[in-house]
Structure formats: structure tokens, C-alpha cells
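All remarks here apply to the structure that follows.
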Amino acid sequence: MKTLFALLFFFYSFSSAFAQTPSGKNISDVVYVKDADAYRTERCRLDLYIPKGVKDFVTVIWYHGGGLTGGEREIPSYLKDRGIAIVGVGYRLSPKAKVSEIIDDAADAVKWTMDHIEAHGGSKNKIVLSGHSAGAYLALMLALDSSHLAGLGVNANDLLGVVSFSAQTITHFTARAEQGIAINQPTIDKLAPLFWVRKDAPKITLITGDRELEMVGRYEENAYLARMLKITGHPQVKLLELDGFDHGMTYPAFPLLLKEIANWSK
């Protein structure tokens, strides 16, 4: 029954995503870093979708997946015309950049958004970080290891929250590869969201696919992060498992992202 419900939920969500042409404004190919080399200038660009007729709107900064070695910036179609802005972020990729540098790119995109979103009608106090897989890992790293944003004059605790889609919460396998650690050797170091668990972090909602269908260990990593956050006294962490869905669970998760935004905005 749970699987049937999940499938029905998916098809409703998917069909709704393409029901109408979005009415908002699109701004494309914005370079969000300064004084960068050619490769960083090429990769560190963002696209921005602005909702029509909404003031002081919430902005979702969306980081694409791809294992930190591939992928391109995107603005998920389902999120358009929902009364929110979306920033689709591109970033450097391994092996041309170290994972620590990729996290810095993700932080620079937050800084750019906070500096510019009010000029487009949004609120810099209503920024949500989100993404799928590697992108979700980046979102969690920024929220939990506050040093990346602090170095840019941004307080991570000023974020409205984080909604991660199937994030790696131990050290990312690409970061492990940089250190010569096997992909199946679990590691928790300073490149792991779990290393930075703290009770005063922003609100966090962790979404994964079905534990039996997901990437091996992905649900369990998220369950461990949720438990450790609760143990530290974090007041608002949630873990959601989408029965019947594997790692590619973005569309069933998008309505949950919107629901969390609505709850956090009350």
C-alpha cells in the first residue's frame, strides 16, 4: 500500500509540474565569482528564476547532482510558479577542483544570492539550500560547517533551512578518492556533514529514497545524521523516506520541499 501511494503521488506531482507555462522571469548565465581563472569563470555561473507578483519571496538555492564529477546547473521545472525564486548553481568539478574548492563555490553562490536577491524582490532572510545527491551534500556542508559562509561574512544560521535530497552525509566518495580511500570504506572527517553536527544549525529536512532501493547505505547515513542532530539538541530535524523510490527521487520530493518552505515561512 505504501508503494502504491508513493507511485500515485509521483504521477500526480509529475503531471502537475508541466501543466502550464511558468510566468516568472528568467535570468541566465550569471557569473557569481570575481577575479577567477578561466575554468572557474566557466563553471561558476547561475541561473535565476523570479516569481511573478510576489514580494519578499523565499529563494531556493539548488545544487545539481553528479557525484561532484559531472552535471550541469538546473532550475527544476516543478518549482516554477510556486511563489518562490530558484537559483540553479553551477560549480567546478573534480578532478579539476578539490572537493574543498567545490564547497567554496557553493558558498560563493549563497553570498551572491544574499547580496542580490533583494534587488529582485526577495528576502535575504528567506533562503533555503537544497539539491540532489552531490548537490544535497554541498547544501548540508554549508549549513553544518559554518566556516565556509563565515569566511564570506555570512552567518549559516541565517538560512531559513536546508532540504536535502539523498545526500551523502559521511565523507563524500569523491573526497575519499582524493585521499586514496576506497569507495566502500566509510569515513567521517572534515569533509563529512556528520563531522559538523551542532544543535544551533538551521532547520534541516533529510529526504531519501526507499532504503532497499537507494544507493547502498544512503538512507542509513541520513538516519544517522538525523539521530546525531537530535542527540546534540537540534530542535528541528526531520527524516523522510520515500517508499518505492530509488536514488532518482527528485519529483516525489519536490512537493515535500515546498511543504517545508510553507511550514518554515509561517
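Here the sequence shown is numbered in the UniProt record's numbering, starting from 1 and rising by one per residue.
Glycine included, every Cβ here is placed at the ideal spot set by N, Cα and C.
Source: prediction; values computed, not measured.
Residue i versus residue j - alpha carbon distance
i	j	result
Val228	Val197	Looking at the sequence shown, residue 228 is not Val but Met. For Met228 and Val197, the distance between alpha carbons rounds to 7 Å.
Ser123	Asp115	10 Å
Ala17	His64	A caution first: Ala17 carries a pLDDT of 42, below 50, which makes its placement in the model unreliable, though a value can still be read off. Approximately 18 Å, taken between the alpha carbons.
Leu7	Met249	Caution applies to Leu7, whose pLDDT of 45 falls short of 50 and renders its modelled position unreliable; the value that the coordinates give is listed next. Cα to Cα, the separation comes out at about 11 Å.
Ser166	Ser133	5 Å
Glu220	Ala136	15 Å
Gly71	Arg40	15 Å
Arg218	Lys266	31 Å
Pro186	Ser130	24 Å
Leu242	Val58	25 Å
Lys259	Arg43	31 Å
Trp112	Arg73	16 Å
Phe195	Leu256	26 Å
Leu159	Asn125	7 Å
Local Cβ density within 10 Å of residue i, reported as buried at 16 or more and exposed below that
i	result
Lys80	buried
Val216	exposed
Ala119	exposed
Asn222	buried
Asp37	exposed
Ile170	buried
Thr174	buried
Ser23	exposed
Ala182	exposed
Lys52	exposed
Pro76	buried
Lys203	buried
Local conformation of residue i per DSSP, three classes
i	result
Arg45	strand
Ile86	strand
Asn125	strand
Lys80	coil
Phe245	coil
Ile102	helix
Ile261	helix
Phe5	Reliability fails at Phe5, whose pLDDT of 42 lies under 50, so the model's placement of it is uncertain and the value that follows must be treated cautiously. It is helical.
Ser164	strand
Val30	strand
Asn157	helix
Pro186	coil
Asp108	helix
Glu221	helix
Leu229	helix
His234	coil
Arg176	helix
Arg211	coil
Ser147	helix
Ala17	Because Ala17 sits at a pLDDT of 42, beneath the cut-off of 50, its placement in the model cannot be relied upon, and the following sentence gives the value as read from the coordinates. In this structure, Ala17 counts as helix in the three-state DSSP scheme.
Thr171	coil
Gly71	coil
Pro95	coil
According to DSSP, residues forming a beta bridge with residue i
i	result
Leu239	Leu206
Trp62	Gly88 and Ser130
Lys25	Ile50
Phe57	Gly122
Cβ-heavy atom distance, residue i to the ligand FMN, below 6 Å
i	result
Ala109	Although the ligand FMN was asked about, the structure shown includes no ligands whatsoever.
Closer than 7 Å to chain B by CB, residue i
i	result
Tyr224	Looking at the structure shown, chain B is missing, and only one protein chain is on hand.
Three CB pairs or more closer than 8 Å across the region 147–155 and the region 97–116:
Enough Cβ pairs lie closer than 8 Å, so yes.
On the three-pair Cβ rule with 8 Å, is the region 229–246 touching the region 183–192?
In short, these stretches do not touch, since the Cβ pair count stays below three.
Would you check if there are 3 or more beta carbon pairs closer than 8 Å linking the region 46–53 to the region 85–95?
Output reads yes: the region 85–95 touches the region 46–53.
Inter-stretch contact at 8 Å, needing at least 3 Cβ pairs: the region 150–165 / the region 67–87:
These segments do not touch.
Under 8 Å: do the region 158–178 and the region 204–223 share three or more Cβ pairs, one atom per stretch?
The region 158–178 makes contact with the region 204–223, as at least three CB pairs between them are under 8 Å.
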